[in-house]
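Before any comments, here is the structure.
In the UniProt record's numbering, the protein residues as written are 1 to 384.
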């Protein structure tokens with residue numbers, strides 16, 4: 001397939017927009033919005049992108065006008081007029097940044113929508129042929145996005161990484177992952193920004209590329225992100241890196257500004273991490289160790305940050321790891337089990353609204369009430 005980008009004007013003038021549709025009907029207004037992206041007035045540019053987002057990518061749905069609009073936007077990424085700064089280039093992000101960064105983010109959202117259900121065959125809800133048309137131009141869009149992975153502006157680089165991650169979900173673009181990884185390795189040599197380096201390493205790891213080079217990085221956050229890579233699952237050094245990091249969970253939470261249940265807008269989530277980094281590291285530690293004795297220091301260190309509301313992310317999985325075969329009332333607790341349960345009973349906030357924790361305790365055969373656990377501990381002599 002010829003992946004050379006067309007001239008944006010040829011896309012605008014050579015497309016029968018009236019025959020295409022967006023969320024509000026015929027798309028004859030779309031070429032005007034595309035032209036306005038190159039206006040000298042940042043307010044006009046911002047308004048144009050907002051209208052494009054609402055029409056050709058309305059609520060992340062795709063339309064027959066989406067593919068040519070995305071192709072045109074990809075083709076103008078190098079235009080110097082996309083470097084103008086504004087804080088309202090998108091309805092979802094009001095950070096002052098170049099239009100180019102907002103356009104890259106938008107292309108990433110288009111690619112994410114196109115990838116939806118691609119490997120499962122589920123109906124994506126778009127009109128027939130629409131999703132296929134967008135998928136067909138992903139290679140050309142990635143050609144336009146790739147050079148911006150090393151852009152001078154960090155917001156442009158971040159947006160290019162997000163877009164690349166979405167685009168390289170395409171099965172036909174899997175062959176580009178190795179080359180893109182080499183580009184990102186050059187970025188990692190140059191960058192001194194912790195979040196950028198972490199996001200890049202997490203992305204490389206998610207692609208199945210090795211991250212062992214960063215297990216000895218001077219920054220503990222970078223070491224931990226490198227160790228989290230699926231390719232490091234059987235790497236003892238990576239597992240030890242994670243266990244060492246989890247001995248100071250407060251430090252982990254200080255590494256990055258992340259969304260939390262109490263403040264979902266506190267910061268941006270890290271890519272390829274489900275929830276908070278601390279919880280992802282804990283899940284990896286549990287998966288990679290097979291002896292609760294080895295996990296005990298981590299489990300004890302985590303208790304001060306546990307509550308009844310976090311049980312699904314921390315002390316619930318740790319309870320399951322402590323009692324992998326369930327609690328047998330005929331068998332004395334091990335020293336590690338005893339110490340962990342004792343630490344939990346000493347932590348008041350774990351026991352508020354006990355109905356939230358019942359399932360985890362039922363699953364391991366333990367009573368879900370604090371007094372019952374205290375009685376169990378009082379009557380149990382840890383076996384050696």
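We put the CB at the ideal spot given by N, CA and C, even for glycine.
Residues of its chain near residue i, where Cβ-Cβ distance is below 7 angstroms and the 5 sequence neighbours each way are ignored
{"i": "residue 193", "result": "154"}
{"i": "residue 386", "result": "There is no way to answer for residue 386, as the model of the chain reaches only from 1 to 384."}
{"i": "residue 386", "result": "Outside the shown range of the chain (1 to 384) lies residue 386, about which nothing can therefore be said."}
{"i": "residue 327", "result": "364, 365 and 366"}
{"i": "residue 284", "result": "228 and 242"}
{"i": "residue 151", "result": "157 and 160"}
{"i": "residue 237", "result": "215"}
{"i": "residue 404", "result": "Any question about residue 404 goes unanswered here, given that the chain covers just 1 to 384."}
Straight-line gap, residue i to residue j (C-alpha atoms, nearest Å)
{"i": "residue 323", "j": "residue 4", "result": "58 angstroms"}
{"i": "residue 127", "j": "residue 64", "result": "8 angstroms"}
{"i": "residue 71", "j": "residue 197", "result": "29 angstroms"}
{"i": "residue 122", "j": "residue 62", "result": "15 angstroms"}
{"i": "residue 377", "j": "residue 245", "result": "29 angstroms"}
{"i": "residue 219", "j": "residue 253", "result": "14 angstroms"}
{"i": "residue 137", "j": "residue 217", "result": "38 angstroms"}
{"i": "residue 224", "j": "residue 210", "result": "14 angstroms"}
{"i": "residue 184", "j": "residue 166", "result": "15 angstroms"}
{"i": "residue 316", "j": "residue 37", "result": "50 angstroms"}
{"i": "residue 349", "j": "residue 263", "result": "19 angstroms"}
{"i": "residue 256", "j": "residue 67", "result": "36 angstroms"}
{"i": "residue 119", "j": "residue 171", "result": "9 angstroms"}
{"i": "residue 1", "j": "residue 337", "result": "Because residue 1 carries a pLDDT of 36, less than 50, the predicted location of this residue cannot be relied on, and the following value inherits that uncertainty. When rounded, the distance between both Cα atoms is 60 angstroms."}
{"i": "residue 109", "j": "residue 130", "result": "15 angstroms"}
{"i": "residue 329", "j": "residue 296", "result": "21 angstroms"}
{"i": "residue 175", "j": "residue 274", "result": "26 angstroms"}
{"i": "residue 28", "j": "residue 15", "result": "10 angstroms"}
{"i": "residue 221", "j": "residue 195", "result": "9 angstroms"}
{"i": "residue 114", "j": "residue 134", "result": "6 angstroms"}
{"i": "residue 30", "j": "residue 20", "result": "10 angstroms"}
{"i": "residue 95", "j": "residue 202", "result": "24 angstroms"}
{"i": "residue 239", "j": "residue 282", "result": "11 angstroms"}
{"i": "residue 341", "j": "residue 347", "result": "10 angstroms"}
{"i": "residue 380", "j": "residue 333", "result": "7 angstroms"}
{"i": "residue 173", "j": "residue 164", "result": "10 angstroms"}
{"i": "residue 6", "j": "residue 43", "result": "27 angstroms"}
{"i": "residue 69", "j": "residue 132", "result": "15 angstroms"}
{"i": "residue 186", "j": "residue 162", "result": "17 angstroms"}
{"i": "residue 343", "j": "residue 351", "result": "12 angstroms"}
{"i": "residue 339", "j": "residue 325", "result": "18 angstroms"}
{"i": "residue 300", "j": "residue 306", "result": "10 angstroms"}
{"i": "residue 116", "j": "residue 103", "result": "20 angstroms"}
{"i": "residue 80", "j": "residue 35", "result": "14 angstroms"}
Buried or exposed by the 16-neighbour rule on C-beta atoms within 10 Å, applied to residue i
{"i": "residue 258", "result": "buried"}
{"i": "residue 208", "result": "exposed"}
{"i": "residue 248", "result": "exposed"}
{"i": "residue 200", "result": "buried"}
{"i": "residue 78", "result": "exposed"}
{"i": "residue 278", "result": "buried"}
{"i": "residue 18", "result": "exposed"}
{"i": "residue 25", "result": "exposed"}
{"i": "residue 363", "result": "exposed"}
{"i": "residue 179", "result": "exposed"}
{"i": "residue 260", "result": "exposed"}
{"i": "residue 293", "result": "exposed"}
{"i": "residue 105", "result": "buried"}
{"i": "residue 331", "result": "exposed"}
{"i": "residue 280", "result": "buried"}
{"i": "residue 272", "result": "buried"}
Residues near residue i in its chain [Cβ-Cβ closer than 6 angstroms; skip 5 each side]
{"i": "residue 99", "result": "45, 82, 84 and 89"}
{"i": "residue 33", "result": "48, 51 and 52"}
{"i": "residue 76", "result": "8"}
{"i": "residue 101", "result": "155, 156 and 159"}
{"i": "residue 368", "result": "354, 357, 358 and 361"}
{"i": "residue 39", "result": "45"}
{"i": "residue 345", "result": "370, 373 and 374"}
{"i": "residue 23", "result": "55 and 58"}
{"i": "residue 286", "result": "317 and 321"}
{"i": "residue 86", "result": "42 and 46"}
{"i": "residue 97", "result": "155"}
{"i": "residue 302", "result": "249 and 314"}
Bridge partners - residue i, DSSP secondary structure assignment
{"i": "residue 25", "result": "22"}
{"i": "residue 97", "result": "86"}
Close beta carbons around residue i, own chain, < 8 angstroms, minus the five adjacent residues each side
{"i": "residue 112", "result": "60, 166 and 169"}
(request) For the region 228–239 and the region 123–140, state whether three or more C-beta atom pairs, one from each stretch, are separated by less than 8 angstroms. (result) no
(message) Under 8 angstroms: do the region 254–270 and the region 311–322 share three or more Cβ pairs, one atom per stretch?
(response) no
(message) Three Cβ pairs or more, each shorter than 8 angstroms: is that satisfied between the region 8–27 and the region 141–152?
(response) Too few Cβ pairs lie closer than 8 angstroms, so no.
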